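One structure is given below, encoded as structure tokens.
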Amino acid sequence: MKTETPVVKYLADYKAPTHKIETVDLEFHLDDTQTQVFSKMKITPVNGNTLELNGEELKLKSVKVNGEEFSNYKEENEILTLTGLPSEAFTLEIHNEINPKANTALDGLYKSGGMFCSQNEPEGFRRITYFIDRPDNLSVFTTKIIADKKDYPFLLSNGNLIESGDLEDGKHFAVWNDPFAKPAYLYALVAGDLAVIEDTFKTKSGRDVKLQVFVDKGNEEKSHHAMESLKKSMKWDEERFRLEYDLDIYMIVAVDSFNMGAMENKGLNIFNSAYVLASKETAEDRNFFGIESVVGHEYFHNWTGNRVTCRDWFQLTLKEGLTVFRDQEFSADLNSRSVCRINDVRNLKAAQFPEDAGPQSHPIQPKSYIEMNNFYTMTIYEKGAEVIRMYHTLLGEEGFQRGMDKYFELYDGQAVTTADFTHAMSVANDNYDFSQFRRWYDQAGTPVLDITTKYDEAAKEFTLTVNQSTPATPGQPTKEPFHMPFLLGLLDSAGNDMTLALKNRDDQNDLDRGLLHIKADTETFVFANVNERPVASLNRNFSAPVVLRSDLTDEDFVFLMANDNDDFNRYEAGQALALKNIHAMLKDENHQVDELFIKAWGSILNDNNIDEEFKAVCLSLPSMIDVAATIDIPNYRAIHEAKDKLFKLLANTYKLELASIYNDLSTERPFKVDAKAMGERKLRGFALACLSTVEEHKELARECFKYATNMTDMMNSLSVMVNENLPGCQESLKEFYDKFKDQTLVMQKWLSVQASSCDDTTFDKVQELMKDEVFDMNVPNLVSALIGSFARNKVQFNHESGRGMKFIAEMIRKVDAINPQSASRLAGAFNDYRKMPADLKEIAKAELTAIVESDKTSKNVYEKLSKTLNS
Ligand code: BES
Ligand code: ZN
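Shown next as structure tokens:
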């Protein structure tokens, strides 16, 4: 039984720090198990003579104040409290010891492969040394690293290298200074025997910045895409946001063991190697795309996160939501804007909407947490980015950019709040009133818009009635209405946008952009001079992140699919129709799929005026999660089968067209990583997936696999073979393994594709794969690829026997003992708890209760699963 319930932290309890650490000089004597850390801090008291420093898993060796031994301290509950300190500025020296090799949590200083590296956000620095480890303490860091020269030729930290040299006993040292005051979470240290590729970037003011990407030896050739992405990011931020880089050096280090994707440490980003390494033989197009976007994201943090940082961790969306918005815009400017938006929304609906409808639901600015690491969520990130996008929609690009300029003008070098961001946006735009808009920060849950339309032929009026409501979420039984920007168009029968004029309202000023403001629970908009019944294109570009329910007819959706001038809504209309059909199939297994939909799907397929990638996304069916979202107790096997049936029907109906698309795209062409080439490969992969369900094309995937010259084609064909259990599947898996078994990133794909199959053999397969030498429970990427993929495999996780969820519960326990963050991510598989059928729910309840009550369970897993059980 768990004896002490973990401490809950509240936003409302925020107090400014009692002291400021102005500067800190660190000295590391690196050693696998006994690293010595010497810290010398210049501290200014702000309030009182008692100082509390955070420290976890540290061995304290000595404390000195102003050069004298100091013993007026006690260490309790991971806090070192020093009392009777000077009331004037003083120096504090601390010596402590840490064990990087034992640090399997990968938080603080740890070893990944043969290298030392660090991860300090949000609260990892306290596992390196005692410190005011909170983001509103900004200090200037200087670091001296001492280590064996042969094993660790590269010694890196933030800022500029100011000194280096050799020492006795084969050791050497380096001293780094970062002139920018920063919170400890942005601190980084790396030591290793690495390969490096170098380049330079000339900033718009003419400074040369040295760029370095450090990777394991032998991987140099795979790091050029990351380097190119970095240069593109630097240029884009200058052009679109007028933001220039501020140090003379920018380093990226790739490590194999990393909890997250990447980290924006000042001047020394540390990346999961999955977001650095890519070659056409080993990386899929989505990896190339992901690298560009993550490199961009971490680079953009230099201004939105590092120069202006967060006052406390409740403000996380201040830097993450904003930086995700920036990286989304970066990707959209460099690739296909429509496809990027569609994919971002797909991702939001597939992962954030369920989070907001489940036990972990929280506002983008949470009010409390037990373990901050649990709050790097889809809500903080993706919904946070949608909220920033709404400012952008409300103010337009120019107004938004004025707000950004104001934000940096007011807050550069400070730790601020989301309210400060809103303030900047407002004062830069004639004191725009964001008071109601601020509810987006405080209220959880996805709002629902119920829309009804009416056309009055005689009066030539079109009336739109919008009703908003937001479901209750944990701790928030009732909600106030949101202010949301709602983009709309009215199409005439030729498919052209009509000129909009509102009859009953005075907010006409945004109408030329098609922008309506929704504020009240019910809003009515009456459009005048509407000469024929229009088809309404609602919530264009997904301007408000909501669930939309409307009285549009199937004919309207078909019309929008073919004619909408908003690409997002062309896509969305197709999804709506597909969803309707899947629902009907679930209700009645003899349901005849709507001819209208089959035809509309075919017209998109045969439309030569739309590009390949857009075509592929428009033709893809809604995800299982999209379907499940609207069902109280979803039966995932039935959803899978219904989707399958629909997919097969479409594929068989259009097999000739699909085959000709596939063949046209199969002609030899040089491998390129641009939007056009990636789109072609995507459509070809889609056509292959369709054709593989058609009897006479069952051999196609194996053939594609055999002749593939890039990883995208290889994985497209392999996953089709695995999912459909096609001829050649086993040989292909074996060949793939033999070819790539020494490359862990590629093996992650191999593990993941097998663990994701809905087939009932997957369960045993996963047990077997866990024993394979390529698997390692200590590496989060591998845990996620094999166990995580199985946990996300809805059909197998929810297997009628309960074996799927029992297995995941056991894995949560095992992984938790190694790495609580990795385990906590697996625990998300139980978020569906409330929507499980009774017998499975019983099983889940027993498993989760045992975990929550065990005193071995980490805070991370405890917080998630106790919320799950209470839902
Ligand atoms: N600051 C985060 C990294 C981080 C997250 C550190 C959680 C510690 C705990 C970084 O900027 C980030 O957001 N990384 C994302 C990728 C990004 C493209 C959304 C990640 O790691 O998933
Ligand atoms: Zn980030």
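Take any residue in the sequence shown, note its place counting from 1, add 18, and you have its number in the working numbering. Beta carbons: idealized from backbone N, C-alpha and C, even for Gly. These numbers were taken from a predicted model, which means no experiment stands behind them.
With 16 other CB atoms within 10 Å as the buried threshold, where does residue i fall?
i	result
Val564	buried
Asp525	exposed
Tyr148	buried
Leu674	exposed
Asn522	exposed
Asp644	buried
Ile309	buried
Ser555	buried
Thr875	buried
Phe689	exposed
Ser511	exposed
Can you give the Cα-Cα distance for residue i and residue j, rounded to whole angstroms?
i	j	result
Met516	Leu508	6 Å
Ala369	Ala165	44 Å
Glu186	Lys167	10 Å
Ile163	Leu506	58 Å
Tyr589	Gly697	16 Å
Glu239	Ile215	9 Å
Ile146	Val405	35 Å
Trp254	Thr436	25 Å
Met245	Phe615	45 Å
Val312	Met739	30 Å
Ala157	Cys328	The sequence shown places Ser at residue 157, not Ala. If I take the Cα positions, the gap works out to 14 Å.
Val877	Thr867	Checking the displayed sequence, the identity of residue 877 turns out to be Lys instead of Val. For Lys877 and Thr867, the distance between alpha carbons rounds to 15 Å.
Arg359	Met733	24 Å
Pro377	Arg407	26 Å
Gln52	Leu174	19 Å
Gly493	Asp154	28 Å
Thr727	Leu883	44 Å
Glu299	Ile116	40 Å
Looking only at its own chain, which residues have a Cβ that is under 7 Å from the Cβ of residue i, when we skip the five neighbours before and after it?
i	result
Glu338	Ile398, Tyr399, Gly402
Ile457	The sequence as given places Arg at residue 457; Ile does not occur at that position. Cβ neighbours of Arg457 beyond the five flanking positions: Glu498, Phe500.
Met252	Phe219, Tyr263, Tyr317
Asn583	Gly507, Asp515
Ser247	Ile309, Glu310, Val313, Gly314
Measure from the alpha carbon of residue i to the alpha carbon of each residue in the options, then state which is nearest.
i	options	result
Glu818	Tyr654, Ser678, Val764	Tyr654
Leu366	Gly73, Ser641, Lys863, Gln52	Ser641
Ser802	Met278, Leu604, Ser157	Met278
His315	Ser291, Thr327, Glu282	Glu282
Ala809	Phe793, Ala827, Thr221, Asn796	Ala827
Val544	Leu887, Thr471, Ala301, Leu248	Thr471
Met59	Ile150, Val25, Glu860	Ile150
Pro495	Thr41, Ser379, Glu541	Ser379
Asn559	Leu413, Val357, Ser444	Val357
Thr762	Glu786, Val797, Asp782	Val797
Phe815	Asn626, Leu78, Ala847	Ala847
Leu261	Asp226, Asn287, Leu286, Thr322	Thr322
If I measure Cβ to Cβ from residue i and keep anything under 6 Å in the same chain, skipping five residues before and after, which residues do I get?
i	result
Cys708	Ala669, Leu676
Ala442	Gly421, Lys424, Tyr425, Leu428
Thr648	none
Met19	The predicted position of Met19 is uncertain, since its pLDDT is 42 and thus under 50; a value taken from the coordinates is nonetheless stated next. The residues are Glu871.
Could you spell out the range, first to last residue, of the beta strand (DSSP E) harbouring residue i?
i	result
Gly85	Premise fails: Gly85 is in no beta strand (DSSP E) and is neither H nor E.
Lys472	466 to 474
Ala165	158 to 166
Glu630	No beta strand (DSSP E) contains Glu630, which is instead part of the alpha helix (DSSP H) from 630 to 637.
Cys135	133 to 137
Tyr91	91 to 94
Tyr205	Tyr205 -> no beta strand (DSSP E), and no H or E assigned at all.
Asn587	Taken as a continuous stretch (DSSP letters only), Asn587 belongs to no beta strand (DSSP E), being part of the alpha helix (DSSP H) at 585 to 605.
Val801	Unbroken run through Val801 is the alpha helix (DSSP H), 798 to 801; no beta strand (DSSP E).
His47	37 to 47
Can you give me the Cβ contacts of residue i inside the same chain, cut-off strictly under 8 Å, excluding the 5 residues immediately before and after it?
i	result
Ile97	Glu70, Leu71, Asn72, Gly73
Ala519	Gln526, Leu529, Phe545, Ala546, Asn547
Taking the alpha helix (DSSP H) that residue i falls in, what are its first and last residues?
i	result
Arg843	838 to 845
Arg304	303 to 318
Trp194	Unbroken run through Trp194 is the beta strand (DSSP E), 189 to 195; no alpha helix (DSSP H).
Asp184	Element bounds for Asp184: not the alpha helix (DSSP H) but the beta strand (DSSP E), 178 to 184.
Arg145	Taken as a continuous stretch (DSSP letters only), Arg145 belongs to no alpha helix (DSSP H), as it is neither H nor E.
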